[in-house]
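**Student:** According to the UniProt record's numbering, the sequence shown holds residues 1 to 95 in order.
Quick one: structure below, then a few questions.
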Amino acid sequence: MATFFTAALKNLRGGEEEPKAPPKDTKAATLPNGMSREEFEEYQRQLLEEKIERDKAFAHKKAERAAVRMHLRDKYRLAQVGTHAGCPEPPHPPR
């Protein structure tokens, strides 16, 4: 079945085979086109800094949500989801 799909793809491309030669210069092959080594290192540092900022913002938002959740649980005496041991029972609705 896989050969059927590869043959169909070859027919769509006109039967051309892609060249599969290994890269001659390994350093040039690892860098994106048009970037010097210094530019690439700066780009990597920038990506890392942005990731750290995103993680920090996510942790801050997560802490804020947890604080609001705890406040609402205390205010309305709600039990934690999944654990009911040690928590006061929520008031029963009137029948």
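The beta-carbon is built from N, C-alpha and C at its ideal position, and this holds for glycine as well.
Every value quoted in this text rests on a predicted model; they were computed, and no experiment measured them.
Would you report the Cα separation of E42 and N33, rounded to the nearest angstrom?
**Tutor:** Rounded to the nearest angstrom, the two C-alpha atoms are 15 Å apart.
**Student:** Nearest-angstrom Cα distance between A79 and A67?
**Tutor:** Rounded to the nearest angstrom, the two C-alpha atoms are 15 Å apart.
**Student:** Tell me whether the beta-carbon of L48 lies closer than 7 Å to the beta-carbon of F40.
**Tutor:** no
**Student:** Any idea what DSSP makes of M35, helix, strand or coil?
**Tutor:** In the structure shown, M35 sits in coil (DSSP, three-state: anything other than H, G, I, E or B).
**Student:** Between K75 and V81, what straight-line distance do the alpha-carbon atoms span, to the nearest angstrom?
**Tutor:** 16 Å
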